[in-house]
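Enquirer: Residue numbers (the numbering used here): 64 to 425. So that we are looking at the same thing, I have put the structure below in structure tokens.
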């Protein structure tokens with residue numbers, strides 16, 4: 064479904080909308096190799112690059128899409144931390160969190176042979192958290208709080224658990240929105256924390272692999288019969304997955320599928336497919352963080368969830384078509400909106416041609 068949402072009336076805000084991320088940030092060191100080395104061997108890399116990763120990609124996308132952005136998690140001191148601070152400043156992201164003066168931020172080695180990637184993580188200041196880490200975070204009406212699943216799999220879980228346990232975060236009291244994007248390693252999340260997160264009823268933004276991992280964790284039996292058909296039944300299986308997750312979570316679910324767009328199920332409504340935009344990828348890294356960041360920005364700016372997903376689909380499509388050192392680059396709101404308008408114009412032209420053809424037949 065592609066609809067004209069660009070003239071939608073946005074909600075009124077009493078202050079500048081802000082996307083606040085509780086997610087962790089580190090530096091990726093990416094090495095491209097012709098093939099994975101065997102243990103004990105020597106191999107020359109084809110390329111080498113560094114980029115700031117973790118929740119930075121989400122915040123950078125939110126900033127480029129027009130929202131005020133804040134990083135509330137811990138930064139350290141050292142070379143990696145300096146690189147992160149420079150990237151934050153360049154993307155107009157404020158760091159409002161704590162500074163650990165005794166340790167640097169962590170890094171992650173990413174080895175890529177063009178088909179597969181392997182990861183070696185060396186955490187740093189970002190995981191040095193406790194119950195007081197997010198004491199300073201007090202979202203205002205209309206703000207959007209972003210929580211990344213990676214923060215639930217290490218010491219960051221303590222800080223997140225303390226934040227979501229506050230009375231102001233309860234569904235009945237909350238006047239801001241929470242967007243949670245999990246990882247496929249959700250099985251490692253503490254049982255109590257996972258239960259508290261489910262009861263928080265955030266907006267779940269996830270891809271197919273993550274959706275299946277959540278379904279497995281919740282004990283949801285999925286009907287995979289559609290995927291056994293000759294045509295693959297991808298759309299039907301995605302719709303069923305989105306439907307099943309929303310029924311159990313009793314919360315909005317945004318199930319991303321790249322160029323196929325996303326499936327959306329809001330509690331109390333039917334699952335709907337929101338069209339994506341065909342594009343040619345220039346790298347193998349996902350534009351999922353771009354989609355999530357754009358979604359957060361649009362929600363903070365007052366768009367309803369359906370409209371936000373449609374524009375986020377466009378932003379992710381544009382991001383996947385261009386990159387800097389293999390990292391998808393989020394477009395501006397105007398660029399994403401232009402893609403939606405172009406697609407609508409083409410769709411209307413096709414409908415007019417079809418109507419003219421039927422009129423000629425009659």
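Even glycine gets a Cβ: it sits at the ideal position worked out from N, Cα and C.
In angstroms with no decimal places, state the Cα-to-Cα distance between residue 211 and residue 102.
Expert: In a straight line, the C-alpha of residue 211 is about 33 Å away from that of residue 102.
Enquirer: Would you say the beta carbon of residue 167 is closer than 7 Å to some non-hydrogen atom of the ligand SAM?
Expert: The ligand SAM is not part of this structure, which contains no ligands at all.
Enquirer: Excluding the 5 residues flanking residue 350 on each side, which residues of the same chain have their C-beta closer than 6 Å to its C-beta?
Expert: Cβ within range, chain order: 379, 382, 383 and 391.
Enquirer: With residue 93 as the anchor, note down where its alpha helix (DSSP H) starts and where it stops.
Expert: Taken as a continuous stretch (DSSP letters only), residue 93 belongs to no alpha helix (DSSP H), being part of the beta strand (DSSP E) at 88-95.
Enquirer: I need the straight-line Cα distance from residue 85 to residue 118, nearest angstrom please.
Expert: Rounded to whole angstroms, residue 85 to residue 118 spans 8 Å at the Cα level.
Enquirer: On the DSSP bridge assignment, give the partners of residue 106 in chain order.
Expert: Answer by DSSP bridge pairing: none, since residue 106 is not bridged.
Enquirer: Who are the Cβ neighbours of residue 339 in its own chain at under 6 Å, not counting the five residues just before and after it?
Expert: So the qualifying residues of the chain are 322, 323, 324 and 376.
Enquirer: What residue from 273, 357 and 303 has the CA that sits closest to residue 285's CA?
Expert: Among 273, 357 and 303, the Cα nearest to that of residue 285 is on 303.
Enquirer: Do you know how far the Cα of residue 163 is from the Cα of residue 202?
Expert: Going by the C-alpha atoms only, they are around 23 Å apart.
Enquirer: Taking the alpha-carbon positions, what's the residue 369 to residue 97 distance?
Expert: Approximately 43 Å, taken between the alpha carbons.
Enquirer: Comparing C-alpha positions only, which one of 94, 237, 116 and 142 sits nearest to residue 177?
Expert: Answer by Cα proximity: 94.
Enquirer: From which residue to which residue does the alpha helix (DSSP H) around residue 337 run?
Expert: Counting along the chain, residue 337 falls outside any alpha helix (DSSP H), though it belongs to the beta strand (DSSP E) covering 335-337.
Enquirer: Measure the Cβ-Cβ separation of residue 135 and residue 190 and say whether it is below 8 Å.
Expert: Against a cut-off of 8 Å, the Cβ pair of residue 190 and residue 135 comes out as no contact.
Enquirer: With 16 other CB atoms within 10 Å as the buried threshold, where does residue 240 fall?
Expert: It is buried - the Cβ of residue 240 has at least 16 other Cβ atoms within 10 Å.
Enquirer: Pick helix, strand or coil for residue 352, following the three-state DSSP scheme.
Expert: Residue 352: helix per DSSP, three-state reduction.
Enquirer: Does the Cβ-Cβ distance between residue 127 and residue 355 come in under 8 Å?
Expert: Against a cut-off of 8 Å, the Cβ pair of residue 355 and residue 127 comes out as no contact.
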